[in-house]
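Below is one structure, written out as structure tokens; the observations come after it.
Set out below in structure tokens:
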């Protein structure tokens, strides 16, 4: 039998026939694997569509992004951390848990869900200050760093050089030179430019420990899913003062000013009291998992210790991520929506809800709850903008009021329920925050704090335009088709 030349038509036909059947076998095999993962129906169908509609690219996307791969080293470090975390959780009831008999009993079911899905109970006796101005956030953080005596721990998704962030770097360098242990943990992708910057090198020379979290790279690609991100924003000073919220370590006057969305609008909280210990533990756990630091060192120099009562606010600190309870944040948000009786106000920069969350918002509006969703009029992601548009129509039809904020890219992530309790932190209302990012969320069971947060939300609403259902339906047909197609992919965003 003669050997076929590479250019022979029979060889070419054989090659393409073999490639076709091999590719089809791969598609079918991956489809069965997607179904076996027992995901939500929308996510399962979206992946199957991608695998079959986009030849070669679709299967490759699933192989790289379709499953959670944390890597053996990170999984090992997490398992080593579990026993001391469990011991710490067992000790909390002896000192700082909330006496629900003194608070609204309606709060307790949400708190129980948070504790059972994420492990951390509500902690009473906190003084919580809401900071709705980015300049004040920087002023307070810098003042606390300047007053630090033992430790300064900072964790951010994005650290961008320039402006007020250089003042924070100066304060950290000064603190390190006077003997304060300073640790900075930033996301490898979100802070890529910072990690190679002169500012980062200046911090290292001053003795500040700067480390990247979730590094990527081609060599890691087969073993670790590289689009997992550390999205938390945490500052803990001396184990006694904590900050969290939506503000990255960026100066809004300079950050992404060429994106065409205006200045980013953020909010933070400053906490004193027992809840700071939970923030400290969260930071130290992340530091341990991402570095080679021995656990004994963090236990002795981490400054995570019980704090005395400072105020009246009950706070539940809820770290989330792909290594923790599956879709725990989404369960908390849906429960909060269903618990609302009179008013529910949500602010988020990226609104691509899961089907269960979207249905919960629709149901709340239809049972008479005043539901207000505040989102920026422009966002820095076209795919998110189109996917979000498809959800807005059904929400408007149900009676949800959607306010399009025009004063910049509204980046504050907050929920207030009936003016009595609230959620606040780094979590966006999109699949990435629910499933893929390492996030931090606070539940605050305090009418006084919630009234201040509601006032801040009202400021955003006053700078917004309420969408009209009729006018929204009249938008171009082609745009609606694109939005509906983007919605099909929304579980994967």
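Numbering (this note's numbering), first residue to last: 2 to 494. Note that beta-carbon positions come from the ideal geometry of N, C-alpha and C, so glycine has one too.
Residue nearest to residue i in terms of C-alpha spacing, selected from the options
{"i": "residue 331", "options": "191, 342, 356 and 311", "result": "356"}
{"i": "residue 160", "options": "178, 183 and 232", "result": "232"}
{"i": "residue 145", "options": "173, 435 and 120", "result": "173"}
{"i": "residue 468", "options": "36, 406 and 60", "result": "406"}
{"i": "residue 230", "options": "71, 409, 456 and 59", "result": "71"}
{"i": "residue 239", "options": "298, 141, 91 and 304", "result": "304"}
{"i": "residue 49", "options": "479, 427, 35 and 64", "result": "35"}
{"i": "residue 374", "options": "386, 105, 417 and 408", "result": "417"}
{"i": "residue 175", "options": "412, 204, 155 and 158", "result": "204"}
{"i": "residue 212", "options": "188, 457, 256 and 401", "result": "188"}
{"i": "residue 119", "options": "385, 466 and 329", "result": "329"}
{"i": "residue 127", "options": "398, 294, 93 and 310", "result": "310"}
{"i": "residue 79", "options": "152, 442 and 292", "result": "292"}
Start and end residues, alpha helix (DSSP H) containing residue i
{"i": "residue 363", "result": "356-367"}
{"i": "residue 255", "result": "Counting along the chain, residue 255 falls outside any alpha helix (DSSP H), and DSSP gives it neither H nor E."}
{"i": "residue 143", "result": "135-147"}
{"i": "residue 281", "result": "276-291"}
{"i": "residue 343", "result": "First-last for residue 343: undefined, no H or E at that position."}
{"i": "residue 83", "result": "73-92"}
{"i": "residue 1", "result": "Outside the shown range of the chain, which is 2 to 494, sits residue 1, and nothing can be said about it."}
Classification of residue i by the beta-carbon crowding that lies within 10 angstroms, buried from 16 upward
{"i": "residue 288", "result": "buried"}
{"i": "residue 10", "result": "exposed"}
{"i": "residue 17", "result": "exposed"}
{"i": "residue 392", "result": "buried"}
{"i": "residue 129", "result": "buried"}
{"i": "residue 76", "result": "exposed"}
{"i": "residue 83", "result": "exposed"}
{"i": "residue 24", "result": "exposed"}
{"i": "residue 33", "result": "exposed"}
{"i": "residue 166", "result": "buried"}
{"i": "residue 30", "result": "exposed"}
{"i": "residue 415", "result": "buried"}
{"i": "residue 73", "result": "exposed"}
{"i": "residue 228", "result": "exposed"}
{"i": "residue 439", "result": "buried"}
First and last residue of the uninterrupted beta strand (DSSP E) at residue i
{"i": "residue 45", "result": "It is not in any beta strand (DSSP E) - residue 45 instead sits in the alpha helix (DSSP H) that spans 42-54."}
{"i": "residue 214", "result": "210-214"}
{"i": "residue 495", "result": "Residue 495 lies beyond the range of the chain shown here (2 to 494); nothing can be said about it."}
{"i": "residue 465", "result": "465-467"}
{"i": "residue 318", "result": "314-321"}
{"i": "residue 422", "result": "422-426"}
{"i": "residue 154", "result": "152-157"}
{"i": "residue 184", "result": "182-188"}
{"i": "residue 377", "result": "371-377"}
{"i": "residue 415", "result": "414-418"}
{"i": "residue 444", "result": "440-446"}
{"i": "residue 349", "result": "Taken as a continuous stretch (DSSP letters only), residue 349 belongs to no beta strand (DSSP E), as it is neither H nor E."}
Own chain, CB closer than 7 Å to residue i, minus 5 neighbours either side, in chain order
{"i": "residue 1", "result": "Nothing can be reported for residue 1, as the shown portion of the chain is limited to 2 through 494."}
{"i": "residue 436", "result": "323 and 328"}
Spatial distance of residue i from residue j (CA atoms)
{"i": "residue 114", "j": "residue 477", "result": "43 Å"}
{"i": "residue 69", "j": "residue 109", "result": "32 Å"}
{"i": "residue 139", "j": "residue 186", "result": "18 Å"}
{"i": "residue 353", "j": "residue 206", "result": "43 Å"}
{"i": "residue 2", "j": "residue 21", "result": "The predicted model places residue 2 with a pLDDT of 45, which falls under 50 and marks its position as unreliable; any figure quoted below should be read in that light. Cα to Cα, residue 2 sits roughly 25 Å from residue 21."}
{"i": "residue 98", "j": "residue 472", "result": "50 Å"}
{"i": "residue 464", "j": "residue 424", "result": "22 Å"}
{"i": "residue 121", "j": "residue 421", "result": "21 Å"}
{"i": "residue 284", "j": "residue 26", "result": "45 Å"}
{"i": "residue 430", "j": "residue 381", "result": "15 Å"}
{"i": "residue 237", "j": "residue 323", "result": "23 Å"}
{"i": "residue 300", "j": "residue 85", "result": "9 Å"}
{"i": "residue 262", "j": "residue 403", "result": "18 Å"}
{"i": "residue 344", "j": "residue 448", "result": "14 Å"}
{"i": "residue 336", "j": "residue 347", "result": "14 Å"}
{"i": "residue 451", "j": "residue 259", "result": "34 Å"}
{"i": "residue 460", "j": "residue 427", "result": "20 Å"}
{"i": "residue 195", "j": "residue 101", "result": "45 Å"}
Close Cβ partners of residue i (< 6 Å) along its chain, the five nearest in sequence each way excluded
{"i": "residue 390", "result": "484"}
{"i": "residue 200", "result": "162 and 170"}
{"i": "residue 253", "result": "135, 264 and 265"}
{"i": "residue 501", "result": "No answer is possible for residue 501: it lies beyond the span of the chain, which begins at 2 and ends at 494."}
{"i": "residue 444", "result": "115, 317 and 424"}
{"i": "residue 383", "result": "none"}
{"i": "residue 243", "result": "237, 272, 277 and 280"}
{"i": "residue 270", "result": "129, 131 and 246"}
Nonlocal neighbours in the same chain, by C-beta distance under 8 Å from residue i, ignoring five residues either side
{"i": "residue 339", "result": "361, 364 and 365"}
{"i": "residue 395", "result": "359 and 363"}
Cutoff 8 Å: residue i Cβ touching any chain C Cβ
{"i": "residue 312", "result": "No chain C is part of this structure, which consists of one protein chain only."}
Any non-hydrogen atom of the ligand SAM within 7 Å of residue i CB
{"i": "residue 373", "result": "For the structure depicted, the ligand SAM is absent and the ligand set is empty, with no information on it obtainable."}
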